[in-house]
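Here is the structure we will look at.
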Amino acid sequence: MNPVLRTQLAGVGKRPARLLLTGLAVLVASFVVYATVLAQQITERSVLNGLSGTPEAVDLVVQNGGIKAADLATINATPGVAETAVRTSMGVRLPAGDLVLATDPGSGPLSTVQVTEGRYPTATGEIAVTPRTVERMALTVGSKHTVDMGEGKKVTLSVVGVVQPRDDIGFLAYGLLPTVSMPGYDWIERVDIRLDAGADAAAVQEKIASQVRGETPPEVTTGVDTRIAEARAAAEEVDQVFIVVKVFVAVAVLAAGLIAASTFRIVFAQRMRQLALLRAVGAGRGALARALAAEGMLTGVVAGLTGVLAALAVGHLLPPALSAFGFKVAGPGFPLAEAAGTVALAVLITVVAVLAPAVSAARVAPLEALRSASTTGARQGIGPLRAITGLLLAVAAAGAAALVWTGLPKTPEDDADVQTLLLGIVASGGLAFVALIALGPVLVRPVLVLAGWPLRRMGPVGRLAVGGVGGSARRAAAVSVVVALGVTLLTGVLVGGDSIRILAEREAIAAAPADFELKGNTGTTLKDGVADRAKQSTELTRVTPYRWATGITVGDFQDAGATDLSMAALPRLAGLDTVSGDVTALAPGSAIIAGYVAEGSGITTGDQITLTREGKQVRLTVAAVLGGPTPLHTEALLDPSDLSKLGVPAAPTGLLADAAGTGEEGRTAGLQALRAAAGTQPEISVEVLADQRDQVQSALATVMVIGLALIGLTVLIAIVGVGATTALSVVERVRESGLLRAVGMSRGGLHAMLTTESALYGVIGAVLGLVLGVPYAWLAVAALADDAPLTLPVWQLLAVFVVLVALTALAGVMPARRAARVSPVTALGTD
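Per the numbering used here: the sequence shown ends with 818, consecutive numbering throughout.
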């Protein structure tokens, strides 16, 4: 073995803690990578095992073509067919809302529902509803409801039972095929077939395919193939989710590589004297570089194996742990190829990370052997080539961002290539981050001056902590850059999410300004007494009747809708996205118009505009222009007197109301009160607009949580890097710590100094990340939605800053405690 390599490996054996600390970030990255593989295995297996909607008893499926009711008799008469189940559906309108009617056998091996109350329908006109449908639409067992099945055919539906399906959407009922059939329409969506025992499935499949041949011949597939296709479709969604996960895992791996490179550079810098001695006794640069690279490879193998084994243990403990809480998931198995790939990736990360530090360390002059480690390890600043490269990269990033800015849509009608804009933002951000790596040691100093100002006034501990970080700007920059990467991503999610949230809320205000809406089809008006009964109900508040009309010409916009909804009656309307003017200034002779109408007609606030309907005209002054549509999906909001001048009848076409109570109970009580108010007018239905708002808010919250959780991988790596850097600093600065203790510093003071140094890494990284993250987030928001506001969630960003600094400080607690425990005598005797 090469004597230089033998010397380096012997050093690793004497100091295994150094090996562990050097590869800690790679270990965490390996754990994350392999844990992601196992998570995908668990999810896909669980999906394939449980999310196919076709019963296991189904042998053949006829679908995706023209299947008529007459074909059902042909299929049933085919030799070998034991029974069939028709799958088709249609929608009907009830006073309580829209109801989906579907077919199912109701019992037996081909059924997908289970009766929980009453019985399953046995005659035409009978239906069984789901539990949520009972709750939301008040379709109780024994009740009867008249519906229009189309072409004026009125049918009375009798609720005879409650069934539990696989997925309860809240407006679902089941019945026989004659019940779920529109007049004059006898098409069937799908037929499930169970064969006789011993029947030749292939022969029956071929026979049915030859007999059922309409204008569009349907597909006849096996039940196994259908179940696999359904499961794969669900698994495909899982795959798409994991594509996003893997992007963030790749970012985490990049962060781990940066941390590894930083730690190797620290280790090699602190061992400069030893390396110089090897050079002095004849070791060549190449041999030294290869020895250091071999040390990095060994670190990668150990870190990769440890991370894989840890992830495997967690992956196999997860299913039994979840089963204890009622969640049944499949095990991940033992994906050995992926495990080997993860270890290989860990080795690759460390080898790539160690190359530059190893080459740099191998260039050490033998004269360095005469200097102390502290002298050799505290290189400051950057060279001219690195500075020029960093500046060029920064200019390129700014140029790419400027190109994206000029390509942003200026009006809603502009046709912008969003994908190209986003790729430009990613390219600019990547260049900016590389520039940050190059210029990091220079940028650390001004940030440290500002952050260190209060610390220097806190006494010697604060001054020493600031001096410790500032004394090794390269080390501080290497660690802080990774923290900055995590903060940049977090900032992007928070700023972008807040902007999209406000945009969604504004759109929800226009579409759903109240909890409930009671209305009929176009042209239907409310009978006398409906609004009064609603206003008298103690379960409702802010009951606001309105009129809604279409066929109005607004400026150059044809067939527009208009409403006279009162702005003062519903507080939520004050939050409309107003481009210009004042929405509270609506009065007789004025109008509020949608932004796209104003843009298309060249109208602005204060202009005169003519509205025309069925030969009648009214000329109004524009009081305000909104960013989107006016309330209730209309193009103009008018005073009631002006809407009457356009010939709109005086009777209200609908009303809005809020629930007087809170929570689900208050919403249910308000819903029942509105239905009772409309009891004499069954063609009027109630829509729960609050559910729409909840769905939007829930979707946004889910996206935010997923995004923050994925970005948390990068932050985790960054915090591990801070902890590893502080620990290495403690290991290599034992003599310095002993000297400080010898001159009178207490254990608590030394502990506080090293913890503060760790916190400063977080401060520097957080500041740099915020400076990068906010403008790029605004740019991405402008590219995705030109009408979204560019917001700055100050309190959320401040919370990120505080939490991150606290976590980085916490990462330095254990190394600092270890340093404080070493006695001054022992420390001063350390070389």
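From the three backbone atoms N, C-alpha and C, an ideal C-beta is built for every residue, glycine too.
Here the structure is a predicted model, which is why all the values come from computation and not from measurement.
Would you mind working out which of the options sits nearest residue i, comparing C-alpha positions?
i, options, result
"G386", "L418, G615, A374 and P307", "L418"
"T608", "I596, L619, P618 and G615", "I596"
"F18", "D564, L409, L159 and L299", "L299"
"T591", "K603, P575, T565 and T109", "T565"
"G634", "L159, A536, V754 and A572", "A536"
"G799", "E744, Q192, G760 and V789", "E744"
"I180", "Y107, E70 and A280", "E70"
"G446", "T649, R606 and M740", "M740"
"A561", "F544, G538, R493 and A585", "R493"
"V675", "L658, G328, V683 and L771", "L658"
"A425", "A555, V87, H620 and V466", "V466"
"G93", "M77, Q545, A110 and F788", "A110"
"G568", "V781, A452 and A610", "A610"
"V45", "S553, V211 and R432", "V211"
"G148", "K141, V134, K140 and T120", "T120"
"V436", "V750, T65, G582 and G370", "V750"
With DSSP collapsed to three states, give me the class of residue i.
i, result
"P762", "helix"
"P558", "helix"
"N508", "coil"
"E674", "strand"
"V158", "For the record, residue 158 in the displayed sequence is Phe; it is not Val. Reduced to three states, the DSSP call for F158 is coil."
"R74", "strand"
"T550", "strand"
"Y107", "coil"
"V609", "strand"
"T90", "strand"
"D179", "strand"
"G731", "coil"
"F420", "helix"
"R534", "coil"
CA-CA distance, residue i and residue j?
i, j, result
"E601", "T540", "10 Å"
"G756", "V20", "24 Å"
"I706", "G427", "18 Å"
"Y533", "A677", "18 Å"
"A518", "S145", "29 Å"
"P618", "N508", "18 Å"
"V429", "P500", "53 Å"
"E670", "G516", "15 Å"
"L163", "T143", "14 Å"
"T103", "S130", "17 Å"
"T75", "L304", "43 Å"
"I195", "D173", "19 Å"
Under 6 Å Cβ to Cβ from residue i, same chain only, skipping five residues before and after it: list those, please.
i, result
"A889", "In this structure the chain extends from -12 to 818, so residue 889 is not present and cannot be described."
"P319", "L25, Q28, I29 and G302"
"M801", "none"
"A638", "T512"
"A585", "V612"
"E193", "none"
"H132", "L81 and L144"
"G449", "L442 and R443"
"L14", "A290, T293 and G294"
"V421", "L380"
"R559", "I496 and P500"
On the CB-based measure, 16 or more other CB atoms within 10 Å of its CB, does residue i come out buried or exposed?
i, result
"F321", "exposed"
"E652", "exposed"
"E206", "exposed"
"P307", "exposed"
"L357", "At L357 the pLDDT is 47, less than 50, meaning the model places this residue with poor confidence and gives no usable figure here."
"T329", "buried"
"S197", "exposed"
"Y748", "buried"
"H620", "exposed"
"V789", "exposed"
"I156", "exposed"
"G439", "buried"
By Cβ distance, which residues of its chain are closer than 7 Å to residue i, with the 5 residues on each side in sequence left out?
i, result
"R153", "G40 and T99"
"A764", "T478, G479, V482 and G483"
"L889", "Within the shown structure, residues of the chain are numbered from -12 to 818, placing residue 889 beyond reach of any answer."
"D546", "T537 and G538"
Going along the chain, which residues of its own chain have a beta-carbon closer than 8 Å to the beta-carbon of residue i, five neighbours each way excluded?
i, result
"G655", "Note that residue 655 is Thr in the sequence shown here, rather than Gly. Counting only Cβ-Cβ distances below 8 Å, and skipping sequence neighbours, we find E122."
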